Amino acid sequence: MQELAGIVGRCDREGQKLAIQGGNTLAGMGLPAQPTDLTLSTAALAGVVTYERADLTIAAHAGTRLRSIAILLAQQGQFVPFDAPHPAEATLGGTLAAGWLGPRRHLYGKPRDYMLGSTVVLADGTIARAGGMVVKNVAGYDMSRLYVGSFGTLGVLVQANLKTLVLPRRSRAFLARLPERTRSRAVAQVSSLEIRPSAAFWVRGFATAIDGEDGTEGRMLVVLEGSEALLERATRDLRSALGRAGVPETRVVDAGVRESLERAIDACVATLGERSVTYRILGFPSQAEARALAIAELVERSELRAELLVDAMNGDVFVRVSDLDALALGAKIEGFDESLHALEPGAIVVASRHPHRSNLAVWGAVPAAIDRMRALKARFDPNGTLNPGRFVGGI
Amino acid sequence: MLHQRLIEALGEDAVKTAPEDLSVYAFDAYTDGALPSAVALPANARDVSAVVRIARELGEPIVPRGAGTGLCGGAVPIEGGVVVSFARMNRILELDLANRRARVQPGVVNLDLSHHAGASGFFYAPDPSSQKTSTIGGNVATNAGGPHCLSYGTTVNHVLALEVVDETGNVFQTNVDEPGYDLTAVLVGSEGTLGIVTSAWVRLTRLPESVRVWLAAFGDVDSASEAVSAIIGAGIVPTALEMMDAVIVKAVEAAFHAGYPTEASAVLLVENAGFEDDMDACEAALARIVREHGALSWRSAQSPAERDALWAGRKGAAGATGRISPNYYTQDLCVPRSKLPAALRAVDEAASAHGIVVGNVFHAGDGNLHPLLMYDKRDRAQVAAVVETGNAILQSAIELGGTISGEHGIGYEKRDAMTRVYSTADLAAMGRVRDVFDPQRRLNPDKIFPAGAACPEVRAR
Chain A
1 MQELAGIVGR CDREGQKLAI QGGNTLAGMG LPAQPTDLTL STAALAGVVT
51 YERADLTIAA HAGTRLRSIA ILLAQQGQFV PFDAPHPAEA TLGGTLAAGW
101 LGPRRHLYGK PRDYMLGSTV VLADGTIARA GGMVVKNVAG YDMSRLYVGS
151 FGTLGVLVQA NLKTLVLPRR SRAFLARLPE RTRSRAVAQV SSLEIRPSAA
201 FWVRGFATAI DGEDGTEGRM LVVLEGSEAL LERATRDLRS ALGRAGVPET
251 RVVDAGVRES LERAIDACVA TLGERSVTYR ILGFPSQAEA RALAIAELVE
301 RSELRAELLV DAMNGDVFVR VSDLDALALG AKIEGFDESL HALEPGAIVV
351 ASRHPHRSNL AVWGAVPAAI DRMRALKARF DPNGTLNPGR FVGGI
Chain B
1001 MLHQRLIEAL GEDAVKTAPE DLSVYAFDAY TDGALPSAVA LPANARDVSA
1051 VVRIARELGE PIVPRGAGTG LCGGAVPIEG GVVVSFARMN RILELDLANR
1101 RARVQPGVVN LDLSHHAGAS GFFYAPDPSS QKTSTIGGNV ATNAGGPHCL
1151 SYGTTVNHVL ALEVVDETGN VFQTNVDEPG YDLTAVLVGS EGTLGIVTSA
1201 WVRLTRLPES VRVWLAAFGD VDSASEAVSA IIGAGIVPTA LEMMDAVIVK
1251 AVEAAFHAGY PTEASAVLLV ENAGFEDDMD ACEAALARIV REHGALSWRS
1301 AQSPAERDAL WAGRKGAAGA TGRISPNYYT QDLCVPRSKL PAALRAVDEA
1351 ASAHGIVVGN VFHAGDGNLH PLLMYDKRDR AQVAAVVETG NAILQSAIEL
1401 GGTISGEHGI GYEKRDAMTR VYSTADLAAM GRVRDVFDPQ RRLNPDKIFP
1451 AGAACPEVRA R
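Protein sequence lines, in the order shown, are assigned to chains A and B. Per the numbering used here, numbering through the first sequence is continuous, rising by one, with the last residue being 395. Per the numbering used here, numbering through the second sequence is continuous, rising by one, with the last residue being 1461.
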């Protein structure tokens, strides 16, 4: 930590620009930091600082991989619902800095809701702490939440203090084939179940996202979590719901549920080499299907291919736009990007290796309070040392 | 000049200038301060902007005010200025049940929102004990908690978007789903020092299918607090887990007759809300743990009426202490849950050492204690003793790895204690945020940050 602070402070004084990197799993969000002189990796700043099982709190260094935190906590029957792609590589700090929003947040809350405290290294090398290790804390401003989702542009997160949840006793995954004609009813049924599924995705395209099988038909993944008793009741309700919707075939698995969920989450940021761009659009669950279809139609009108991955419980729409090759995509993508943003100003890019990515409005419409945000950046990092250009509005 | 300008902008009915009116706005539930220069009661964001512009031009600080139920002087005008009261901005603007949210003006009373949503099967989850009176705006300013925050989270978990008037009188919007810095999160809990909220989109929660409330009585505080630690340690996180000691239980039972066991030294009020399928197992697990820790009795509320009565008793606890003593002071601290027994012992020691009677009623499941220190404010020695006891308790909280405010806020009362939990660098980082939103320190000055700090970023004023 001291070493990192020293490096950052020195770079700031000498006018050197830094790209901050964790596991690099969400490098497809935003724009690459540039120009930069050095890349600072937090990977070596890893390890659990303190884990108080009985308090349901844990503090860890930013470079700790999500997977190792998950394993440690699971041994004690606990977890933190990050639900971020590639947890074996993703780091705690990087995931928080990117403000990743996972599929179980409608039930468990967002990662920012689990922040009890933080330690950051500011651009000038100062180490600043906020919060603490207690679950209720209103001493001063909620700085920890401010750093979440800031993409390392206000400070380098070096430690996060989190609260944990008790792991549900049981979990179960339902993998269904979803013919086009059954989808609307199925989605409506699933998202209005009394015992809410932890996660529910439907896809069109994204061939292997749901059950690892290649297929042209739509697919659905529903995850149920809870006690034995609750799971049985929820299973009955879900089966009836899918039956009513006319869904033909459902596979139910009690093993590998975590893997199924992770596969779907990884798909959110999966690229097709350099020939795809994936956008994410947030909205209400009640409107998600209609929006997804409208977007897909727009993609097709632009003579591109649309694949949809929709989070039915939160209303997130992921659309992967692709063409036969990078060149073909390149000729159309900027025009498409413009029309997409006319329809969905909030659409952001979450994954792309295409060389023209930097020409797209990757952050969507500039937020209303952008001036405030720029002023915050100027106050925290006046020399623009940290991740220049990575964030919204050119921050 | 100020009065004239305000009246011109808002109309006579919306501005108070007579001393007897102003004095009402000089205090909150903690203390009183200077008389405000004027009190404005805006009807909408445009009015709020006008007030801010006028105040800024005339060099007057601004003190936003909800219902004035705050417990640390957050709404008190320490050096006068214009109090902006949201009493007239009390409408629920939109109830969007399909998308589980509501848009409200800051003066909407917390419980009123839940009542309105209740008919459709929803409620607003953050439930501070003041909820019959306190307003959403005030709740947002303090990031208010309450017993049900153990499972549902505090106010910040339920705010989706804010409309804010800034220190120049301009309006800006925040939205948690927008990319960019989480301005919503930094505004919630900022105690009126970063901007004035003029409307908010808040999350509504589905009313649970099933609710059970249980009462466990213990012969001593230690056993009760160890039972709490054991419950959480066993991975059982009920919807609410509250504790009251003998001092409080006697007062509450005398006031409310809810059926609290007055022979107990400590009582746990436990609620679990959720699906019926889980209730029996939860009850069995809780009963086992409390018995293992020496519970004298364990019973469940037999009807919604009884449940409501028990909760009314809990939420009315502070007021009920009026039977015991003319005045009381509420301390607010939060410690890790496993340190609860030690924290309670420390509270007891501090109180005994200074000859003060203390009653404990608090959110045990969160480790968020509220020792009520009894005194008579006419007795100077007692007042001094209470202040010292309060300080000693905070010091213990810090030593146990806790914090100096779990949910009431820093306000005016605890600003100097901030240096006991945060370093100059830590406070300076917060100061930078203040610099962006309120560089001239006009919005609720003298709150949160220590007075007379040497470092300019940290100065309160």
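Note that beta-carbon positions come from the ideal geometry of N, C-alpha and C, so glycine has one too. Quantities reported herein were computed from a predicted structural model and do not represent experimental measurements.
CB contact check: residue i to chain A, cutoff 8 Å
| i | result |
| --- | --- |
| D1366 of chain B | yes |
| V1186 of chain B | yes |
| Q1173 of chain B | yes |
| N1444 of chain B | no |
| A1281 of chain B | yes |
| R1103 of chain B | no |
| G1409 of chain B | yes |
| R1459 of chain B | Because R1459 of chain B carries a pLDDT of 49, less than 50, the predicted location of this residue cannot be relied on, and no value is offered for it. |
| A1451 of chain B | no |
| P1126 of chain B | no |
| A1454 of chain B | Model confidence at A1454 of chain B stands at a pLDDT of 44, short of 50, so the residue's coordinates are unreliable and nothing is read from them. |
| S1190 of chain B | yes |
| N1044 of chain B | no |
8 Å Cβ cut-off: residues of chain E touching residue i
| i | result |
| --- | --- |
| E1178 of chain B | Of the chains in the structure shown, none is chain E; the protein chains are A and B. |
Interface partners of residue i on chain B, CB under 7 Å
| i | result |
| --- | --- |
| M1 of chain A | What M1 of chain A touches in chain B: nothing, since even the nearest Cβ is about 13 Å away. |
| N137 of chain A | C1334, T1403, G1406 |
Cβ of residue i within 8 Å of any chain B Cβ
| i | result |
| --- | --- |
| V247 of chain A | no |
| W363 of chain A | yes |
| R13 of chain A | no |
| R278 of chain A | The sequence given here has Thr at residue 278 of chain A, not Arg. Cβ-Cβ to chain B under 8 Å: no for T278 of chain A. |
| R219 of chain A | no |
| Y51 of chain A | no |
| R112 of chain A | yes |
| S302 of chain A | no |
Neighbour list for residue i in chain A, Cβ cutoff strictly below 7 Å
| i | result |
| --- | --- |
| Y1375 of chain B | Result: empty, since nearest Cβ-Cβ is about 25 Å, beyond 7 Å. |
| G1233 of chain B | A54 |
Beta-carbon neighbours of residue i, restricted to chain A and to distances below 9 Å
| i | result |
| --- | --- |
| V1237 of chain B | L56, L165, V166 |
| A1098 of chain B | F284, S286 |
| G1070 of chain B | In chain order: nothing, as chain A lies at least about 12 Å away. |
| I1448 of chain B | A139, G140, Y141 |
According to DSSP, residues forming a beta bridge with residue i
| i | result |
| --- | --- |
| H1363 of chain B | B:N1368 |
| P1064 of chain B | B:V1084 |
| E300 of chain A | Note: E300 of chain A sits in no beta bridge, so no partner. |
| K1016 of chain B | B:V1039 |
| S352 of chain A | A:V277 |
| W1214 of chain B | B:V1270, B:S1300 |
| R251 of chain A | A:L175 |
| N1139 of chain B | Beta-bridge pairing links N1139 of chain B to no other residue. |
Contact list for residue i against chain B, beta-carbon separation under 9 Å
| i | result |
| --- | --- |
| M313 of chain A | In chain order: nothing, as chain B lies at least about 12 Å away. |
| L107 of chain A | Within chain B, no residue comes near L107 of chain A; the closest Cβ sits about 11 Å away, beyond 9 Å. |
| T126 of chain A | A1425, A1428, A1429 |
| L146 of chain A | Y1181, D1182, L1183, A1185, V1186, V1433 |
Within chain B, partners of residue i - CB distance below 8 Å
| i | result |
| --- | --- |
| G9 of chain A | None at all; the shortest Cβ gap to chain B is about 12 Å. |
| L230 of chain A | F1275, D1277, D1278 |
| A326 of chain A | Under the 8 Å cutoff, chain B gives no residues; its nearest Cβ is about 26 Å from A326 of chain A. |
heavy atom of the ligand PLP below 7 Å from residue i C-beta
| i | result |
| --- | --- |
| P1042 of chain B | This structure lacks the ligand PLP; in fact it carries no ligand of any kind. |
Looking at chain B, which residues of the stretch 328-360 of chain A have a Cβ within less than 9 Å of any of its Cβ atoms?
G346, I348
Positions along the stretch 1417-1442 of chain B whose CB lies within less than 9 Å of some CB in chain A
A1417, M1418, V1421, Y1422, S1423, A1425, D1426, L1427, A1428, A1429, M1430, R1432, V1433, R1434, D1435, V1436, F1437
Using a Cβ cut-off of 8 Å, which residues of the stretch 1260-1277 of chain B contact any Cβ in chain A, in chain order?
F1275, D1277
Proximal residues, the stretch 1314-1339 of chain B versus chain A, C-beta separation under 7 Å
C1334, V1335, P1336, R1337, S1338
Give, in chain order, every residue of the stretch 1145-1159 of chain B whose Cβ lies closer than 9 Å to some Cβ of chain A.
G1145, C1149, L1150, G1153, T1154, V1156, N1157
Contact set between the stretch 371-387 of chain A and chain B, restricted to residues whose Cβ is under 7 Å from the partner:
R372, M373, A375, L376, R379, F380
Unbroken beta strand (DSSP E) runs of length 3 or more, entirely within the stretch 114-183 of chain A: which are they?
115-121, 127-131, 156-163, 170-178
Can you check the stretch 209-249 of chain A for any beta strand (DSSP E) of at least 3 residues that lies completely inside it and give the ranges in chain order?
218-226
What are the residues in the stretch 81-96 of chain A lying within 8 Å of chain B by C-beta distance?
none
Mind checking the stretch 188-201 of chain A against chain B and listing, in chain order, the residues whose C-beta falls within less than 8 Å of any C-beta there?
E194, I195
Against chain B: residues of the stretch 170-182 of chain A by CB proximity under 8 Å:
none
Residues, ordered as in the chain, of the stretch 61-78 of chain A that lie near chain B by beta-carbon distance below 8 Å:
G77, Q78
Determine which residues of the stretch 1050-1076 of chain B have a Cβ less than 9 Å from any Cβ of chain A, and write them out in chain order.
none
So within the stretch 36-101 of chain A, which uninterrupted alpha helix (DSSP H) runs reach at least 4 residues, ignoring any that extend past its ends?
66-75, 92-97
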